[in-house]
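Numbers in our numbering are just positions in the sequence shown, counted from 1, shifted up by 445.
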Amino acid sequence: MKKKIKLKEPKGKLGILMPGLGAVATTFIAGTIAVRKGIGKPIGSYSQMGTIRLGKRTENRNPFVKDFLPLTPLDDIVFGGWDVYKDNVYDAALNAGVLDKDLLNEIRPELESIKPMKAVFDKKYVKRLTGRHVKKAKTKMDLAKALMEDIENFKKENGCKRIVMIWCGSTEIYIRESDVHSSIRKLEKGMRENHKDIPPSMIYAYAAIKMGIPYANGAPNLSCDVQALIKLATKTGTPITGKDFKTGQTLMKTILAPGLKARSLGIRGWFSTNILGNRDGEVLDHPDNFKTKEVSKLGVLEQILEPEKHPDLYQDLYHKVRINYYPPHGDNKEGWDNLDIFGWLNYPMQIKIDFLCRDSILAAPIVLDLAIFLDLASRAGMSGIQEWLSFYWKSPQVREGLYPQHDIFKQFEKLKNTLRHIGGEELITHLGLDYYEE
Ligand SMILES: NC(=O)c1ccc[n+]([C@@H]2O[C@H](COP(=O)([O-])OP(=O)(O)OC[C@H]3O[C@@H](n4cnc5c(N)ncnc54)[C@H](O)[C@@H]3O)[C@@H](O)[C@H]2O)c1
């Protein structure tokens, strides 16, 4: 058996801090508290509900992940965050309209006690939001320092031993990685000089990574996905991961596309449209914010299908993604897909998917798993980009020069193998031949 890597025990409380206490964050917080109280199950969370095969099939070892590795127990989690609105988590959850009022009322005191800290925010980057619960400071570096102070205070007040930060804020406008993001020195200079290409999400990421706090980026904007912050993460020994939670439509796409490809079926067109009516939908209704999301959603098929290697099957693929703000749907998004596929001798067929999904219900367990696994990575001494967490992302962050892996089945194998590695178990490839004992 392999030697276990040195893993610190999860002693004491873990603080999960989220910039953005909107639909996703409040559904995650309320859900975790409900699970703690035994009034709900953490459906959708691999860390809480999943099992993992260890060793040979004949050994019959399939423990729950949480029994295999020392993960932080849900009872040891404390929640906090920042928002541009003053609403406490109870009011924000009511406003988001995802969870039933009856459920929220059962845990009302806990939710009311979580109040957002003042946000680092600038309307230039999220055009459809106007919040007043916002920090004021001369420079972006001063704002980062104010966030670090918030974190220190939160840690003290809540007796936390460890912190992780998950960006659950709105999607910012599209910004390309440029010179100011290329080194730690240039980024810090840019922050002192209020460079326009440093949006709030990057200031939060900087504050966290500088303090060695694991950071995940739930939105498609750059945030920690720039060279300066990747270098800083290595320097401070901080695990980072992103970007854009893989929920509704892209989840379906990365389940279906690898299957069609595995059977060498051709795809001529894939039209995806989303109809949603929550605040996220409103923000994404602005073309500059939609652009960020569109880039994140479009990359998926290209990587899975590899049209350059399979021109007969995919070279003419027409891929279109639309997001439509439609208030009556609220948080209950409709993800509608039309696929024009073809089979034997080019005979055409169609697949229609109408996924009536609940965005935040799918995103909440992802936030939990990311927090739990990032904390695990940190205790295992892992730092920099955590590609094994690609499973959770629409647009996985990868090291320079590598392409992201989008196929959900490959992502899942990588996730499980990394957990096996952390737990000192052999990696499993499922490649054993039937003739031999696996
Ligand atoms: N729900 C999903 O399935 C899903 C999937 C992928 C990505 N996302 C992304 O996750 C993020 C959150 O989604 P949501 O549905 O909760 O949106 P939401 O609009 O309900 O919540 C976002 C919250 O962030 C706050 N905010 C914006 N900028 C901020 C800042 N600089 N500092 C602090 N708070 C700030 C807003 O006031 C709002 O309360 C969005 O970026 C969304 O695109 C969501």
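No residue lacks a Cβ here, since even glycine has one placed at the ideal position from N, Cα and C.
Taking C-beta to C-beta, are residue i and residue j nearer than 8 Å?
| i | j | result |
| --- | --- | --- |
| isoleucine 461 | isoleucine 611 | yes |
| arginine 865 | leucine 499 | yes |
| tyrosine 649 | proline 464 | yes |
| isoleucine 654 | lysine 585 | no |
| aspartate 528 | leucine 466 | yes |
| threonine 517 | aspartate 820 | yes |
| cysteine 605 | lysine 458 | yes |
| valine 469 | glycine 711 | no |
| aspartate 776 | glycine 542 | yes |
| glycine 826 | lysine 451 | yes |
| proline 793 | threonine 737 | no |
| methionine 636 | alanine 582 | no |
| valine 728 | leucine 574 | yes |
| lysine 765 | phenylalanine 716 | yes |
| glycine 714 | aspartate 785 | yes |
Which class does residue i belong to by DSSP, given the choice of helix, strand or coil?
| i | result |
| --- | --- |
| histidine 875 | coil |
| glutamate 882 | Per-residue confidence for glutamate 882 stands at a pLDDT of 48, beneath the threshold of 50, marking its modelled position as unreliable; no derived number is given. |
| proline 810 | helix |
| threonine 616 | coil |
| asparagine 598 | helix |
| valine 671 | coil |
| phenylalanine 800 | strand |
| histidine 774 | helix |
| leucine 864 | helix |
| isoleucine 450 | coil |
| proline 732 | helix |
| leucine 462 | strand |
| phenylalanine 787 | strand |
| arginine 844 | coil |
| lysine 606 | strand |
| threonine 695 | helix |
| phenylalanine 566 | coil |
| isoleucine 552 | coil |
| tyrosine 530 | coil |
| isoleucine 478 | helix |
Go through its chain and collect everything with a Cβ distance to residue i's Cβ below 6 Å, but skip five positions before and after it.
| i | result |
| --- | --- |
| lysine 698 | Val745 |
| leucine 514 | Gly868 |
| serine 835 | Pro841, Gln850 and Gln856 |
| asparagine 791 | none |
| glycine 489 | Pro810 |
Leaving out five residues on either side along the sequence, give the residues of the same chain with a beta carbon under 7 Å from the beta carbon of residue i.
| i | result |
| --- | --- |
| tyrosine 491 | Val510 and Asp814 |
| glycine 722 | Tyr770, Tyr771, Pro772, Pro773, His774 and Gly775 |
| aspartate 567 | Pro645 |
| phenylalanine 735 | Leu729 and Ile768 |
Do residue i and ligand 1 come close, with the Cβ less than 7 Å from some heavy atom?
| i | result |
| --- | --- |
| alanine 664 | yes |
| threonine 517 | no |
| tyrosine 530 | yes |
| tryptophan 527 | yes |
| valine 728 | yes |
| phenylalanine 473 | no |
| aspartate 595 | no |
| phenylalanine 800 | no |
| glycine 846 | no |
| alanine 582 | no |
| phenylalanine 566 | yes |
| serine 717 | no |
| leucine 466 | yes |
| serine 840 | no |
Which partner residues does residue i have in the DSSP bridge list?
| i | result |
| --- | --- |
| tyrosine 649 | According to DSSP, tyrosine 649 bridges with nothing at all. |
| serine 717 | Val766 and Asp782 |
| asparagine 662 | Trp612 and Gly687 |
| glycine 829 | Pro684 |
| methionine 884 | Past the boundaries of the shown model lies residue 884; the chain is included only from 446 to 883, so the question cannot be answered. |
| valine 579 | Ala564 |
Near residue i, what residues of its chain come up, given a Cβ to Cβ distance below 8 Å and the 5 sequence neighbours on each side ignored?
| i | result |
| --- | --- |
| serine 628 | Gln672, Ala673 and Lys676 |
| lysine 600 | Gly460 and Ile608 |
| glutamate 622 | Leu667, Asp670, Val671 and Gln672 |
| glutamate 551 | Ala479, Lys482 and Ile484 |
| histidine 889 | No answer is possible for residue 889: the residues shown for the chain start at 446 and end at 883. |
Does any residue of chain B have a CB that is nearer than 8 Å to the CB of residue i?
| i | result |
| --- | --- |
| aspartate 785 | Here chain B cannot be found, since the structure has a single protein chain. |
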